[in-house]
Each structure stands twice: as structure tokens, then as C-alpha cells.
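Everything below concerns the one structure shown next.
Numbering (my numbering), first residue to last: 7 to 215.
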């Protein structure tokens with residue numbers, strides 16, 4: 007009886023530990039950025055407004071949500087949203103591709119997800135949808151989907167109409183709630199602003215589970 011009680015206590019402690027560890031999740035992104043400031047990077051407090059592509063104007067609600075996430079990320083690097091007195095314009099885009107994977111996945115034929123993967127385009131930011139199929143064998147059921155996401159920000163100086171900053175973050179993850187994940191990826195995409203490293207780097211950001 008004492009052994010059983012001790013095992014139950016140990017199990018409860020382990021579950022408590024695991025529960026504490028599961029309160030956050032890690033969003034990891036591969037980030038590539040380019041800057042071309044002339045004559046110098048913007049000072050803290052520089053102002054911007056958003057611009058939209060014609061395709062993004064067709065998805066008003068989704069684009070507004072995306073711009074809200076971008077506004078929070080831009081504020082963290084010292085930029086101020088002020089469309090009436092903007093010095094820069096910001097174009098932001100995001101996409102999500104759910105990848106439905108079979109249990110046979112594992113690099114078949116040289117493909118990183120070597121089963122009958124199905125790619126379905128969607129996500130915040132608009133821009134259209136697409137469907138594609140991978141290769142493999144569908145026997146044995148399907149694994150939970152993996153979500154491939156990409157976000158990008160292009161900043162243009164309004165006075166000269168020149169693109170002065172471009173950044174992109176890409177990543178895979180099991181989480182279906184795009185909002186918090188995309189917000190973290192936008193923050194990752196702006197790491198190093200306004201003078202980012204030259205090479206692609208991996209940025210990890212923790213968010214609540």
C-alpha cells in the first residue's frame with residue numbers, strides 16, 4: 007500500500023511538473039532580412055502607415071487582423087503607427103499551409119515529408135489558395151496536420167518611394183491557431199531592426215499555450 011501511495015504521489019508531482027512546463031510553447035522561425043537605408047536608419051518614434059495590395063483589399067477583415075498583429079510587433083522596435091503623418095508605408099503579408107501527413111512520412115524518396123501530403127493554402131492576409139499533392143503511400147491513417155507559415159514585411163520610404171527594409175520569417179508547427187503564432191513570427195521577423203544580420207538566422211519566441 008505504501009508503494010502504491012508513493013507511486014501516486016510521484017505521478018502527481020510529475021503531472022504537475024509537466025503541466026507547468028506546458029504553459030508556454032516555442033515558435034521557431036527562419037528569418038531573412040535586408041535593409042537599404044539612405045542616408046541613415048529611422049530614429050525611434052518614426053511613423054508609418056499600412057498599404058495593401060489589390061488582393062488584400064478583397065479580404066478586409068483578415069488583413070485588418072494581420073495589420074493589428076504587425077502594429078504590435080512594429081511598436082516593439084520603436085515605430086509608431088500614424089497614417090496621417092507617416093514617413094514610411096508598411097506592406098505585411100502572411101500565409102498558412104496545412105500539411106496533412108500520413109503515418110508513412112519519414113523522408114521517402116528524398117522528400118522531407120515522404121507521404122501523401124496535401125497542401126491547402128489559407129491564412130491571414132489573403133492572396134489566394136492552392137492545393138498540391140506529395141508522394142507516398144496512404145496506408146495506416148493520417149498524422150495530425152503540420153502548419154507551414156510564412157510572414158513578410160516590406161517597408162517603403164514615402165518621400166522617395168524606395169523600399170528600405172524587407173524581412174521574411176518561415177516556420178513549421180503543430181498549432182492551428184494562427185493569430186498568436188503569426189504575431190510571434192512577425193516579432194521574429196523584426197529582430198535586429200533596423201540593421202539586421204546579413205545571414206538567415208533562427209529566432210525562437212515563447213508564447214502562452
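We put the beta carbon where it would ideally sit given N, CA and C, even for glycine.
- Message: Does the contact criterion of 3 or more C-beta pairs under 8 Å hold for the region 92-100 versus the region 164-184?
- Response: Because the criterion of three Cβ pairs below 8 Å is met, the region 92-100 and the region 164-184 touch.
- Query: Near residue 214, which residues of its chain fall below 8 Å by C-beta distance, leaving aside the five closest residues on each side in sequence?
  - Reply: Excluding residues within five positions, the ones whose Cβ falls inside 8 Å are 29, 30, 31, 186.
- Query: My guess is that residue 47 and residue 84 are in contact by the Cβ rule of under 8 Å, so how many angstroms apart are they, rounded?
  - Reply: Wrong, their Cβ atoms sit about 10 Å apart, outside the cutoff.
- Query: What residue does the beta strand (DSSP E) around residue 214 start on, and which one ends it?
  - Reply: 207-214 is the extent of the beta strand (DSSP E) around residue 214.
- Would you tell me roughly how many angstroms separate the C-alpha atoms of residue 175 and residue 34, rounded to the nearest one? Rounded to the nearest angstrom, the gap between the Cα atoms of residue 175 and residue 34 is 9 Å.
- Task: Sort out for me which residues DSSP pairs residue 178 with in a bridge.
- Result: In DSSP, residue 178 forms a bridge with 154.
- Query: Cβ of residue 92 within 8 Å of Cβ of residue 202?
  - Reply: Between residue 92 and residue 202, the C-beta spacing is not below 8 Å.
- Item | Nearest candidate by alpha-carbon position, reference residue 52, set 63, 71, 90 | Comparing Cα positions, the closest option is 90.
- Message: Are the CB atoms of residue 188 and residue 75 within a distance shorter than 8 Å?
- Response: It is a contact, given that the beta carbons lie within the stated cut-off.
- residue 69 classed as buried or exposed, judged by whether at least 16 other C-beta atoms fall within 10 angstroms: The residue is buried, with at least 16 neighbouring Cβ atoms inside 10 Å.
- Residue-level contact to chain D via CB, residue 158, 8 Å cutoff: Protein chain content of the structure displayed is limited to a single chain, and chain D is not contained in it.
- Do you know how far the Cα of residue 180 is from the Cα of residue 87? Between residue 87 and residue 180, the C-alpha separation is close to 32 Å.
- Item | Burial state of residue 155 (16 or more Cβ within 10 Å) | A buried status is given to residue 155, since no fewer than 16 other beta-carbon atoms sit within 10 Å of its beta-carbon.
- Can the beta-carbon of residue 100 be found closer than 8 Å to that of residue 72? Cβ distance < 8 Å, so residue 100 and residue 72 count as in contact.
- Taking C-beta to C-beta, are residue 178 and residue 152 nearer than 8 Å? Contact: yes.
- Query: Could you give the distance in angstroms between the alpha-carbon of residue 195 and the alpha-carbon of residue 150?
  - Reply: So the alpha carbons of these two residues sit roughly 27 Å apart.
- Please state whether DSSP places residue 29 in a helix, a strand or coil. In this structure, residue 29 counts as coil in the three-state DSSP scheme.
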